[in-house]
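Position 383, counted from 1, in the first sequence is what numbering that gives the first Met the number 0 calls 382; the numbers after and before it change by one each time, with no gaps.
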Amino acid sequence: MASQSVLTPQAEDFPRWYQDVVAKAEMADNGPVRGTMVIRPYGYAIWERMQSEIDTRIKATGAQNAYFPLFIPESYLSKEAMHIEGFSPELAVVTHAGGEKLAEPIVVRPTSETVIGEFMAKWIQSYRDLPLLLNQWANVVRWELRPRLFLRSSEFLWQEGHTAHASYEDAAAYARQIHNDVYDDFLNEVLAVPTYLGIKPPSERFAGAINTMTCEGMMRDGKALQMATSHELGQNFAKAFDIFFQNEDGQAALCHTTSWGASTRLVGGLIMAHGDDNGLIVPPRLAPTQVVVIAVRDEPEVIDACARIVASLRGAGVRVVQDQGRGSFGRRVTDWEIKGVPLRVEVGPRDLAQGVVTVVRRDSGEKIALGIDAVAGEAPRLLESMQDLMFEDARQRRDAATHDVSTVPEAIEAAQSGFARLAWDVVSGAGEEQLNGEAITVRCLQRADGSMPASDTEGGLTCLVAKAY
RNA sequence: CGGGGCGUAGCGCAGCUUGGUUAGCGCGCCUGGUUUGGGACCAGGAGGUCCCCGGUUCGAAUCCGGGCGCCCCGACCA
């Protein structure tokens with residue numbers, strides 16, 4: 000146990016704790032322009048792991064990666080009325096370039112539906128070209144008034160998928176496939192974050208979509224975080240960009256498009272969903288470093304033993320590093336704890352004399368004595384059990400902080416510390432305004448059994464409401 | 001845009017009310033040494049346009065005027 004806390008305790012000031020973790024785990028710094036973010040190597044390594052896991056899942060659905068330009072003609076945005084209306088306040092616009100005032104302003108992409116729509120129209124001729132399944136990894140810019148590292152920055156990194164389909168049904172099914180097989184699977188299995196899946200109410204829908212689906216996670220302070228979204232765009236963008244195809248009967252028909260994204264906000268979600276007063280806790284399947292091996296004393300035989308253990312772990316497929324830090328043992332331990340590395344192997348002379356090492360779990364703090372030769376065999380099992388427990392713990396915390404209520408005032412009360420679930424009929428309209436007045440939003444709509452509705456017009460829906468990031 | 005607060009070393013701050021020699025403190029950093037089983041200690045050291053411009057004054061971090069920037073609350077927006 001740390002003798003004194005290095006970080007502001009969560010219970011004292013959760014936002015401050017978050018800032019402390021981001022700084023002390025060396026994840027990110029504020030950029031020179033307000034709202035921008037410098038992602039440091041450790042933060043970026045975590046993002047790269049997220050990218051890899053998400054990218055694999057995206058490709059498994061048949062989508063391919065491509066790249067579209069950062070600069071978009073302003074006129075493109077204007078082609079879809081809802082889209083431009085929704086994004087106008089957040090746009091960064093280039094008016095001068097090459098030393099001259101531009102004839103037409105250029106928008107720095109806030110999202111790429113419009114450029115991609117333009118090219119989909121060009122590439123799609125026949126039903127044989129469908130579905131067209133594209134994804135890109137890119138940066139986007141949405142000017143933020145209240146930036147917070149990872150959670151809301153004016154520039155952020157994400158993946159955005161864009162697809163075109165011959166039918167409404169096909170588009171709807173694909174958007175759901177992405178939602179379940181890419182996002183929800185990643186969040187549950189890798190990030191160890193349980194999710195509420197549902198659709199956004201009209202007030203929270205993506206600008207230009209006919210339906211927005213969300214994965215809502217609960218942070219340790221009981222607030223909600225939208226961790227990924229998938230949109231059915233209907234034929235809105237197809238109309239605006241003339242995305243037509245010739246069907247089997249030789250008739251011209253409008254495509255149905257989708258878009259879906261997950262961003263560096265996930266890093267913020269990771270921090271707040273799992274962190275404790277000692278820092279970050281990274282789920283083993285995600286962790287860039289799963290095990291750190293630390294010499295308790297910098298003596299040659301101890302260092303040698305560390306190196307052998309590192310080699311054996313690496314041979315077992317574990318992502319492992321040998322601590323190269325300077326300073327006291329306690330300091331090094333604390334630094335790795337803040338970074339949330341799942342397992343720590345402590346190697347000291349006293350251990351070595353008995354042929355053992357001490358393995359410490361980041362989640363529980365439990366210390367386990369293991370024979371040196373047993374480490375490589377046991378570590379993968381410990382990591383898997385930790386992965387499962389982290390998800391289970393998060394699920395229990397979430398369930399315990401989700402309250403079924405029947406009135407708006409009860410929902411306001413419950414949302415002070417978690418989620419409230421109640422009939423959508425009770426909230427829809429004046430109730431939603433009343434909640435918004437208390438900084439509470441409708442996070443998603445679900446069927447009574449918790450499943451994904453087809454649309455917000457379905458009868459008998461329930462809603463989850465909460466304060467949100 | 002409205003209300004409040006703040007700009008002093010890399011970070012966090014004191015000093016300002018009541019102007020005065022060399023602008024301090026904690027953390028961090030550098031050097032040397034002792035240390036190392038849960039943020040070690042000692043000694044020495046480096047590091048400053050006191051946000052900017054102007055004014056008052058023999059003298060301004062400190063007082064006055066203007067500007068810029070940042071933070072919080074509200075508003076707006078997703």
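Ideal placement from N, C-alpha and C gives every residue a C-beta, glycine not left out.
- In this structure the stretch 292-309 does not touch the stretch 81-101; the number of beta carbon pairs closer than 8 Å is below three.
- By the criterion of at least three beta-carbon pairs nearer than 8 Å, the stretch 430-445 is in contact with the stretch 195-208.
- Two segments are said to touch when three or more pairs of C-beta atoms, one from each, lie closer than 8 Å; by this definition the stretch 384-403 does not touch the stretch 367-376.
- Per DSSP, Thr113 is one residue of the alpha helix (DSSP H) stretching across 112-122.
- Annotation: Cys305 is outside any beta strand (DSSP E); the continuous alpha helix (DSSP H) that includes it extends over 299-314.
- Separation of Asn277 and Gln9 (C-alpha to C-alpha, rounded to the nearest whole angstrom) is 10 Å.
- With contacts defined by Cβ atoms closer than 7 Å, Arg318 and Gln353 do not form a contacting pair.
- Taking 7 Å as the cut-off, the beta carbon of Gly34 is found no closer than this to the beta carbon of Pro130.
- The way I'd put it, the stretch 413-427 doesn't touch the stretch 158-172; fewer than three beta-carbon pairs between them come closer than 8 Å.
- If you draw a straight line from the Cα of Gly267 to the Cα of Tyr468, it is about 10 Å long.
- Counted as a single uninterrupted DSSP element, the alpha helix (DSSP H) harbouring Val20 occupies residues 13-23.
- Under the 10 Å beta carbon count, His255 is surrounded by 16 or more other beta carbons and is classified as buried.
- Here the stretch 151-168 makes contact with the stretch 29-44; the two share three or more CB pairs at distances below 8 Å.
- For Ser51, no beta strand (DSSP E) run applies; the uninterrupted alpha helix (DSSP H) run containing it begins and ends at 40-59, by DSSP.
- Bounds of the alpha helix (DSSP H) holding Pro379 are 374-399.
- Taking His82 as the centre and dropping the five residues before and after it, the same chain places the C-beta of Ala206, Gly207 closer than 6 Å to its C-beta, in chain order.
- Short of 6 Å from the beta carbon of Asn246, and not among the five residues preceding or following it, lie these beta carbons of its own chain, in chain order: Tyr126, Ala252.
- Annotation: Asn435 to Val356 spans about 54 Å, alpha carbon to alpha carbon.
- By the Cβ criterion, the stretch 46-54 is not in contact with the stretch 90-106, since fewer than three pairs of Cβ atoms, one from each stretch, lie closer than 8 Å.
- Going by DSSP, Ile367 is part of no alpha helix (DSSP H) but of the beta strand (DSSP E) stretching over 366-370.
- For Ala294, same chain residues with a beta-carbon under 6 Å away, outside a window of 5 residues either side, are Val301, Ile302, Cys305, Val346 in chain order.
- In the same chain as Thr55, and ignoring 5 residues on each side of it, no C-beta atom comes closer than 7 Å to its own.
- Annotation for Val181: no beta strand (DSSP E) segment contains it, and DSSP assigns it neither H nor E.
- Judged by DSSP in its simplified three-state form, Glu247 adopts coil rather than helix or strand.
- Exclusion of the five residues before and after Ala413 leaves His402, Val404, Ala419 as the residues of its chain whose Cβ lies within less than 6 Å of its Cβ.
- According to the DSSP assignment, Phe328 belongs to the alpha helix (DSSP H) that extends over 328-338.
- Counting along the chain, Gly216 sits inside the beta strand (DSSP E) bounded by residues 210-217.
- At a Cβ-Cβ threshold of 7 Å, Arg361 and Ile280 count as neighbours.
- Rounded to the nearest whole angstrom, the CA to CA distance from Glu112 to Glu73 is 13 Å.
- A straight line joining the alpha-carbon of Pro201 with that of Gly324 spans about 52 Å.
- Counting the other CB atoms within 10 Å of its CB gives Gln225 a total of 16 or more, which places it among the buried residues.
- Comparing C-alpha distances from Gln250 to each of Gln124, Ala91, Gly160 shows the shortest one belongs to Gln124.
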